[in-house]
Each structure stands twice: as structure tokens, then as C-alpha cells.
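Worksheet: one structure, shown below.
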Amino acid sequence: MPLASSLQPGQAIDEYLADYHQRGGKSATDTGSRVKSFIRPQLGAEQVARLTTQRLREWHAALAAAPAKLRTGKNAAKPNERPTNKGDSEAVRRRRATANRTLTILKAALNHAFREGRAASDDAWRRVKPFREVDTAKVRYLIHEEAKRLVNAAHMPFRSLVQCALLTGCRYGEIVGLCVGDFDRVAGTVTIRAAKGGKPRHVVLTDEGITLLDQHTIGKLSTALIFPRPDHQPWGASHQRRPLHDACARANILPAASFHILRHTYASHLVMAGAPLQVVAANLGHADTRMTEKHYAHLAPSYVAATIRAVMPKLGLVTADNSIERFPVGRSG
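Using numbering that gives the first Met the number 0, read the sequence shown as starting at 0 and increasing by one per residue.
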């Protein structure tokens, strides 16, 4: 093991990830990707003892200014990137949020090294602050009419995946991994065994959801996939992108919705209908209500809003034709 004085950020991250896995951590895919793309190339060879606050601030700012990395083919000559339009506040927000998430990973690794006595001080990175007010994006969801158009525009068998997402709020990877044995017709639930957080969950189905799964499970073995491809093979990790994009184009949904927006649509309509955030969080598989509150609390029927609308008198300032009643203007004496 290297001496603390020669410890490099890359080594600190390796030790942190090993400890993370040993403690039962499950969500390391995104962490590994960020380390590979944004930490090792820029900081991996430097020594932790020589890192300065200024160096880390410059690295953090450069991450936010860098082009977004897009999916690139294996044989591509150069990475596929999308430059950030500095005049687009939402694009800037997304890049800063990405930089913040990467900073969080680096800090976690360095703090682990500090606690283990592998770094003499945590002063350099403790002073580096994340960008403020960039982590909460406006959640996009489809209104009922858009959801219906999308379902009608999607071709079978992909249409069934869209229907399932809109009726359960499950992620694409969860849906395509469902087996017949995961569906409990009596209880009206479907079990997600390979959930993102590592813990299985039972998703409560609506009547429509039960009908959908009934249609796709009847007469099948318990080990059979509920939603296979036409060749009876499982859908791949990116097989949903083109058919969803094409369906959105036919349904006149612009910009095209991602599969995750179908999950947002399910949750948004549940919250707007008055479902408690704790119930929505449980069905979505959130560990607690914090993530649910972050994205959907503003959609929940509000006691404050309901009270104001109920007691505020009508002032007659706006009519159906957007005119106002004219009153005679008196003269002062």
C-alpha cells in the first residue's frame, strides 16, 4: 500500500470503491463511469497531499464547461460530444449538475482516505463547494392525451413496454426483465427482483395494469419473459431508443420523450391525483420520500393553495373575454 504522502486520487478511489462494495453498495456503475471519464484522466496521477483547493476548483469548473459526452461507437475515430450552449440555461444547469455529482464521488473517495489515515488533511477539498441550485430540474411528463397518442403510435410488441411503463412507473430495465412468475394476479402486484437500489420491491398494479399483464402472461411458463422481443429474446439495454423516438415522431410529441419520462408521467399523475408521496415513493422503489419530494412535491394538491382559492373573493378583474367592467370615474371636488 502506498505511503500517505504518495497516495494518488485514483488509488484513493480504488480503496473507496473496494470498501463500498464490501459494505454492500450496489450502485457503482455510474460511479465507475464518472471515475473513468472525469477523474482519472485529469487527477489520477497527481498526489493527494499536493492537491490544492484552487486546483480542485479549476477541475470542477472545467467539468461544467466541457461538452456533454454522448454514446460513441467502438470504432469511432473520436468521442461523440455535444458542446454546451451557454445561452441555454437548462443546458448549463445540466452540465453543472453533472460536475457536482462527479465532485461528490471524488470527495467521498478522498474523505475515506482521510478517515483511514491515508491523507494528512481534508482541508483542500473541504473548501471546494458545489454549484448551487442546479440539481432540481423541471420534471417533464406527458399529459393524458399525449400518453394515449404515444401508445397508439408505438408498434407492437414495443407498444406493450410503453403501456407497462405508463401503468407501473417501472424502469425500462426492470420491465424487460420481468418473468411470468413475477406477476401475482391475486395480489395485483408485480415483483421487481433486480431493482436499481439492490432491493426487490412489489409494485401495486392498477386494474389496467393487471389486465395488461394478464394478456401477456396467460398460458406461459413462470420462467418465460413477460415482454420478449419478436424473436423471443430479451430486449437489449438500448433497444428502446429508436422505436420510442419514432413513436414520438408519429404521435407529434416534440421533443421526443425518453423512456424515463414515461416513469415521470406515471408518478406525476399519481401525485396530482392525490396519492401520498410515501405511497408513490414505495411503488417507484425510492428508499425514502426525499427523491419523490424533490421531483413531484410541487404537483401535489396543496392545503395552502386549496385554502387560498377557496377563501379569496372574486374581484371581477378578468372576464371570459379578458375585459374588465368599466365603472364611472368620479370627479374630485
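Beta carbons are placed, not taken as given, at the ideal position from N, Cα and C, and that holds for glycine.
7 Å CB neighbourhood of residue i in its chain, flanking five on each side removed
i: residue 43; result: 7, 8, 9
i: residue 187; result: 203, 204, 209
i: residue 110; result: 121
i: residue 36; result: 68
i: residue 282; result: 168, 202, 203
i: residue 130; result: 63, 95, 98, 99
i: residue 314; result: none
i: residue 191; result: 169, 173, 199, 200, 202, 284
i: residue 298; result: 267, 270, 271
i: residue 112; result: 6, 11, 14, 47, 118
Cβ-based neighbour list, residue i, same chain, cut-off 8 Å, excluding 5 preceding and 5 following
i: residue 38; result: 8, 9, 12, 101, 104, 105
i: residue 17; result: none
i: residue 300; result: 271, 273
i: residue 226; result: 156, 159, 160, 163, 174, 175, 177, 215, 234
i: residue 31; result: 16
i: residue 251; result: 148
i: residue 33; result: 100, 101, 104
i: residue 320; result: none
i: residue 308; result: none
Check whether residue i and residue j have beta carbons under 8 Å apart
i: residue 239; j: residue 160; result: yes
i: residue 168; j: residue 266; result: yes
i: residue 264; j: residue 146; result: yes
i: residue 67; j: residue 81; result: yes
i: residue 176; j: residue 193; result: yes
i: residue 94; j: residue 83; result: yes
i: residue 229; j: residue 156; result: yes
i: residue 51; j: residue 123; result: yes
i: residue 127; j: residue 55; result: yes
i: residue 224; j: residue 189; result: no
i: residue 255; j: residue 244; result: yes
i: residue 152; j: residue 249; result: yes
i: residue 116; j: residue 200; result: no
Distance between beta carbons of residue j and residue i, contact taken as under 8 Å
i: residue 5; j: residue 46; result: 6 Å
i: residue 260; j: residue 141; result: 7 Å
i: residue 118; j: residue 15; result: Not confirmed; about 12 Å, so no contact.
Chain-order list of residues whose beta-carbon lies under 6 Å from that of residue i (same chain, five-residue window excluded)
i: residue 171; result: 239, 258
i: residue 280; result: 288, 291
i: residue 0; result: Note on residue 0: pLDDT 47, under 50, position unreliable in the model; the coordinate value appears next. Contacts found: none.
i: residue 98; result: 59, 62, 63
i: residue 20; result: none
i: residue 138; result: 263, 294
i: residue 304; result: none
i: residue 247; result: 255, 256
i: residue 182; result: 189, 212, 216
i: residue 90; result: 83, 84
Residue i - containing alpha helix (DSSP H), residue span
i: residue 118; result: Taken as a continuous stretch (DSSP letters only), residue 118 belongs to no alpha helix (DSSP H), as it is neither H nor E.
i: residue 38; result: Looking at the DSSP string, residue 38 is not in any alpha helix (DSSP H), and its letter there is neither H nor E.
i: residue 86; result: Here residue 86 belongs to no alpha helix (DSSP H), and DSSP marks it neither H nor E.
i: residue 12; result: 8–21
i: residue 62; result: 52–64
Neighbour flag for residue i against chain C, beta carbons, 8 Å
i: residue 245; result: Chain labels in this structure do not include chain C; a single protein chain is all it has.
In chain order, what are the residue ranges of uninterrupted beta strand (DSSP E) at least 3 long that sit wholly in the segment 153–196?
188–191
Please give the ranges of any alpha helix (DSSP H) in the segment 198–275, keeping only runs that are unbroken, at least 4 residues long and fully inside the region.
206–216, 240–249, 258–271
Could you tell me which uninterrupted alpha helix (DSSP H) segments, each at least 4 residues in length, are contained entirely in the segment 282–316, listed from first to last along the chain?
289–295, 302–310
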